[in-house]
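Quick notes on the structure that follows.
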Amino acid sequence: MMVPKNFVSPNKSAPCMGIVQDSLLGSYRLTDKDTFVDKYFIQSVALWLDMWELPIPAILKPRPLWTGKQIFSLILPEVNHPASPYDKPPFPHNDKKIMIQRGQLLVGAITKSVVGAAPGSLIHVIFNERGSDEVAKFINGVQRITTYF
């Protein structure tokens, strides 16, 4: 029995695995609106993930800084996960809702309802749109980034 093939339960058609404990807390703290990282951190993360292209920094002066949302977006496959089909920008500034477009986390902090084992979670969306191998890569990437963070 292969674990990546069993992320979604055939009985309930919902994820039975998700991000928990330390990785969940790290995901939340990394994607908080006040989290910024420097060049050395993002280069280390890029090496851990075998990525060679870095995103453009969100802040250029006095020194380049990247947001935690940009770091989290490095591991996201190209999927869309709206906060709700009826929500329209502008979003409130409290990061309660998330919006992911084309694999970029634009708004919101990652919580248990987003990456937990729940129907409609990000893991469920990735499984439905990209397959089980992408879910495995995503979960491994989350654990690597949050452990380093």
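In our numbering, the protein residues as written are 1 to 149. The beta-carbon is built from N, C-alpha and C at its ideal position, and this holds for glycine as well.
Rounded to whole angstroms, what's the CA-CA distance from V20 to T111? Just pull it up for me.
Rounded to whole angstroms, V20 to T111 spans 10 Å at the Cα level.
Please classify F36: does DSSP put it in a helix, a strand, or coil?
Strand at F36.
Per DSSP, which one or two residues make a beta bridge with I100?
Under DSSP, I100 takes part in a beta bridge, and its partners are H81, L105.
Locate the alpha helix (DSSP H) running through N128, then write down its first and last residues.
In the DSSP assignment, N128 falls within the unbroken alpha helix (DSSP H) covering 122-130.
For the structure I just gave you, are there three or more beta carbon pairs, one from the segment 32-41 and one from the segment 130-147, closer than 8 Å?
Contact between the segment 32-41 and the segment 130-147 is absent, because fewer than three Cβ pairs lie under 8 Å.
Bounding residues of the alpha helix (DSSP H) (the contiguous stretch that carries D22):
Its alpha helix (DSSP H) spans residues 21-30.
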